[in-house]
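Let me begin by presenting the structure, written as structure tokens, before commenting on it.
2 protein chains.
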Amino acid sequence: MKKSIVVSIQPTKFSALAFKEDFEESIKKVADLGFDGAELAVRNPKDLKVDDVIEIIKENNLEVPAIGTGQAYGEEGLSFSDPDEAIRKMAVKRINNQIIFASHFNAQVIIGLIRGNVEESVGRAEAEEWTIDCLRECTEFAKEYNIRLTLEPVNRYESNFINTLNEGIQFIKRVGASNLGLLADTFHMNIEEVSIYDSIIQAKDYITHVHFADSNRWAPGCGHIDFKKVIETLKKIDYQGYISAEILPLPDPNSCARLTIEHLNKIKF
Amino acid sequence: MKKSIVVSIQPTKFSALAFKEDFEESIKKVADLGFDGAELAVRNPKDLKVDDVIEIIKENNLEVPAIGTGQAYGEEGLSFSDPDEAIRKMAVKRINNQIIFASHFNAQVIIGLIRGNVEESVGRAEAEEWTIDCLRECTEFAKEYNIRLTLEPVNRYESNFINTLNEGIQFIKRVGASNLGLLADTFHMNIEEVSIYDSIIQAKDYITHVHFADSNRWAPGCGHIDFKKVIETLKKIDYQGYISAEILPLPDPNSCARLTIEHLNKIKF
Numbered sequence: 000m001k002k003s004i005v006v007s008i009q010p011t012k013f014s015a016l017a018f019k020e021d022f023e024e025s026i027k028k029v030a031d032l033g034f035d036g037a038e039l040a041v042r043n044p045k046d047l048k049v050d051d052v053i054e055i056i057k058e059n060n061l062e063v064p065a066i067g068t069g070q071a072y073g074e075e076g077l078s079f080s081d082p083d084e085a086i087r088k089m090a091v092k093r094i095n096n097q098i099i100f101a102s103h104f105n106a107q108v109i110i111g112l113i114r115g116n117v118e119e120s121v122g123r124a125e126a127e128e129w130t131i132d133c134l135r136e137c138t139e140f141a142k143e144y145n146i147r148l149t150l151e152p153v154n155r156y157e158s159n160f161i162n163t164l165n166e167g168i169q170f171i172k173r174v175g176a177s178n179l180g181l182l183a184d185t186f187h188m189n190i191e192e193v194s195i196y197d198s199i200i201q202a203k204d205y206i207t208h209v210h211f212a213d214s215n216r217w218a219p220g221c222g223h224i225d226f227k228k229v230i231e232t233l234k235k236i237d238y239q240g241y242i243s244a245e246i247l248p249l250p251d252p253n254s255c256a257r258l259t260i261e262h263l264n265k266i267k268f
Numbered sequence: 000m001k002k003s004i005v006v007s008i009q010p011t012k013f014s015a016l017a018f019k020e021d022f023e024e025s026i027k028k029v030a031d032l033g034f035d036g037a038e039l040a041v042r043n044p045k046d047l048k049v050d051d052v053i054e055i056i057k058e059n060n061l062e063v064p065a066i067g068t069g070q071a072y073g074e075e076g077l078s079f080s081d082p083d084e085a086i087r088k089m090a091v092k093r094i095n096n097q098i099i100f101a102s103h104f105n106a107q108v109i110i111g112l113i114r115g116n117v118e119e120s121v122g123r124a125e126a127e128e129w130t131i132d133c134l135r136e137c138t139e140f141a142k143e144y145n146i147r148l149t150l151e152p153v154n155r156y157e158s159n160f161i162n163t164l165n166e167g168i169q170f171i172k173r174v175g176a177s178n179l180g181l182l183a184d185t186f187h188m189n190i191e192e193v194s195i196y197d198s199i200i201q202a203k204d205y206i207t208h209v210h211f212a213d214s215n216r217w218a219p220g221c222g223h224i225d226f227k228k229v230i231e232t233l234k235k236i237d238y239q240g241y242i243s244a245e246i247l248p249l250p251d252p253n254s255c256a257r258l259t260i261e262h263l264n265k266i267k268f
């Protein structure tokens, strides 16, 4: 297993991201601390100087395991489950642009908050169908670029559907695309899973990416999740991918990155 | 320690309450299952036939350890931190009515969601001062009825202030009223506390009421909170009050109450 941490490329309202400002400086710090990769949180790849991003990542000998896409929902309201077809189309287009961006790094594209919420005015079945249609369209597009998407269950307060790993798996089965995996995030799992460990075991054929945040969304070691046991469980299922810290920038962005690597270094991988 | 479960007196939109319908039937079930008390969730005591409530409780030999008041925020928007003074006054009046209602049972009055949220348009310090002023007014009023209020820290998604037991304690100190205690809720603590057990120990001089819900807000035993260890910790601080189940009515209202008592009966009190 390799280690990464989320870095936001542009200023964002979403606070669960370390290193908000100054991308190059942040990437250097991530490399200096000994991370293997940087997960990039991107609102819209069209706003980026992609060649610069590629160069900065390369200069620092980092990988990009995944691209976070939730800002397009949080800041622009784009989602796969919006009753307005035009908005769903914009969300698909945005994810397709993220797929092209991700292809420069062979990164997975995360489908987290971008799925949206089942709004009160629409039926759950209908909203799920819209989401599945969007996921099918994006996974088809991603195949052309040999890119995987990874579906992230999030806790009930952030979305009212796909909250547990098992719900994620049911969705993945319904989409039926070979390039759609599952993202296990410990912060969300602490709220939603009956057992974090049993759920990981049961999802062993689906997990393609892992987010680490402690129970209070601070760096691992700052709450009460037993990361040693989580890592042991991931080893049991022979997980070979990245452990990526998606945490609040607390007590400050530098400290949270340092605390993450210090805590992970204490654990035998 | 005695055991109770939340019963909502009137239909409510807030779903974290067992037994929504048919108050009398619900109270009988609570008594039949072996609970010592029923915590009552009340939007507005003025809508109740108070004598009927008193009689039903008495007939079933139950106590009422606490009155939940959050529905007035969820359904009417009344809060202690609203920038509109008229709304704050309505919130204080509502709580004072709850205090009068509570005095029939010697119940504590819970200050949970009714504190509201620090709105973006106002400063945090100002919203906190408004909340403290309201708490002072209500605790003064409660003294006339020999009633205690209990302040409930809730997780970050339900309010943006007073999330941890320690934040609750700081608020209680600032209010400076001898009849204001602290409510420890395991569901919220699982998200907010670095250690559920250490936080209980540190709050030992303040805790006057306890809510039990598992990590997923189902009945105790349905998630991953170690209630045996929580109860051992409460015994360490010599907690003599109620353990009250405030849980989602899942898989259904009857089952969640039964699951609660079954799980608690397995633990040595």
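One line per chain: the protein sequences are S and W, in this order. Reading the first sequence from the start, the letters are residues 0 to 268 in numbering that gives the first Met the number 0. Reading the second sequence from the start, the letters are residues 0 to 268 in numbering that gives the first Met the number 0. Using N, Cα and C, we set each Cβ at its ideal position, and we do this for glycine too. Keep in mind the model is a prediction, meaning the values are calculated, not measured.
query	result
Which residues of chain W have a Cβ atom closer than 7 angstroms to the Cβ of glycine 222 of chain S, listed in chain order?	Val193
What residues in its chain sit with their C-beta under 6 angstroms from that of valine 209 of chain W, if we drop five residues either side in the sequence?	Ala183, Ile242
Quick one: Cα of glycine 111 of chain S to Cα of glutamine 70 of chain S, how far?	10 angstroms
For proline 250 of chain S, does the count of other Cβ atoms within 10 angstroms reach 16, so buried, or fall short, so exposed?	exposed
My understanding is that isoleucine 56 of chain S touches valine 63 of chain S, with C-beta atoms under 8 angstroms, so please give their C-beta distance in whole angstroms.	6 angstroms
How would you call arginine 93 of chain S, buried or exposed, if buried means at least 16 neighbouring beta carbons within 10 angstroms?	buried
Around the Cβ of phenylalanine 268 of chain W, are there at least 16 other Cβ atoms within 10 angstroms (buried) or fewer (exposed)?	exposed
Is the region 197–211 of chain S touching the region 197–212 of chain W in the sense that three or more CB pairs, one from each, lie closer than 8 angstroms?	no
Whole angstroms are fine: how far does the CA of glutamate 128 of chain S sit from the CA of glutamine 239 of chain S?	32 angstroms
Whole alpha helix (DSSP H) runs in the region 173–199 of chain W with 4 or more residues, listed along the chain?	185–191
Would you call glutamate 7 of chain W buried or exposed, if buried means 16 or more other Cβ atoms sit within 10 Å of its Cβ?	Looking at the sequence itself, residue 7 of chain W is serine, so the reference to glutamate does not match. Buried, since its Cβ has 16 or more Cβ neighbours within 10 Å.
Skipping 5 residues on each side, what residues in its chain have a beta carbon closer than 8 angstroms to that of tyrosine 113 of chain W?	Strictly speaking, residue 113 of chain W in this sequence is isoleucine, with tyrosine absent from that position. Here the set comprises Thr68, Gly69, Ala71, Tyr72, Leu77, Ser78, Phe79, Ala90, Arg93, Ile94.
What first and last residue would you give for the beta strand (DSSP E) that runs through isoleucine 2 of chain W?	Checking the sequence, you will find lysine at residue 2 of chain W rather than isoleucine. Start and end: 1–7.
Identify each residue in the region 168–194 of chain S for which the Cβ-Cβ distance to at least one residue of chain W is less than 7 angstroms, and report them in chain order.	Asn189, Ile190, Glu191, Val193, Ser194
Keeping to the same chain, check which residues put their C-beta closer than 7 angstroms to that of lysine 227 of chain S; ignore five residues upstream and five downstream.	Ile266
To which residues does DSSP link glycine 67 of chain S through a beta bridge?	S:Ala40
Which one or two residues does DSSP pair with phenylalanine 170 of chain S in a beta bridge?	BP columns for phenylalanine 170 of chain S are empty, so no partner.
What are the residues that DSSP puts in a beta bridge with valine 108 of chain W?	W:Ile66, W:Leu148
With 16 as the cutoff for other CB atoms within 10 Å, does serine 25 of chain W come out buried or exposed?	buried
Quick one: does tyrosine 156 of chain W have its CB under 7 angstroms from some CB of chain S?	yes
Which residues of the region 210–240 of chain W have a Cβ closer than 7 angstroms to any Cβ of chain S? Give them in chain order.	Ser214, Asn215, Cys221, Gly222, His223
Measuring only the C-alpha atoms, how far is asparagine 96 of chain W from phenylalanine 104 of chain W?	14 angstroms
Which partner residues does histidine 208 of chain S have in the DSSP bridge list?	S:Leu182
Tell me the DSSP secondary structure of isoleucine 266 of chain W in three-state form.	coil
Here's the rule I'm using: 16 or more other beta-carbon atoms within 10 Å means buried, otherwise exposed. How should glutamine 107 of chain W be labelled?	buried
Determine, for phenylalanine 13 of chain S, whether the minimum Cβ-Cβ distance to residues of chain W falls below 7 angstroms.	Note that phenylalanine 13 of chain S scores 47 on pLDDT, short of 50, meaning its location in the model is unreliable; the coordinates nonetheless yield the value given after this. It does not: the Cβ of phenylalanine 13 of chain S has no partner Cβ on chain W nearer than 7 angstroms.
Could you tell me if arginine 87 of chain W is buried or exposed, where buried requires 16 or more neighbouring beta carbons within 10 angstroms of its beta carbon?	buried
How many Å lie between glutamate 20 of chain S and proline 248 of chain S at the Cα?	In this prediction, glutamate 20 of chain S scores a pLDDT of 48, lower than 50, which makes its location untrustworthy; no coordinate-derived value is stated.
What is the DSSP secondary structure of isoleucine 260 of chain W, reduced to helix, strand or coil?	helix
Start and end of the beta strand (DSSP E) containing alanine 244 of chain S?	241–244
Can you tell me whether arginine 147 of chain W is buried or exposed? The criterion is at least 16 other CB atoms within 10 Å of its CB, across all chains shown.	buried
Pull up the distance between the alpha-carbon of proline 152 of chain W and that of tryptophan 217 of chain S, whole angstroms please.	19 angstroms
Determine the direct distance from the alpha carbon of serine 158 of chain W to that of glutamate 245 of chain S, and round the result to whole angstroms.	22 angstroms
Looking at glycine 222 of chain W: is its Cβ nearer than 7 angstroms to the Cβ of valine 193 of chain S?	yes
With a Cβ-Cβ cutoff of 7 angstroms, do lysine 176 of chain W and threonine 138 of chain W count as a contact?	The sequence given here places alanine at residue 176 of chain W; lysine does not occur at that position. For alanine 176 of chain W and threonine 138 of chain W, yes; Cβs fall inside 7 angstroms.
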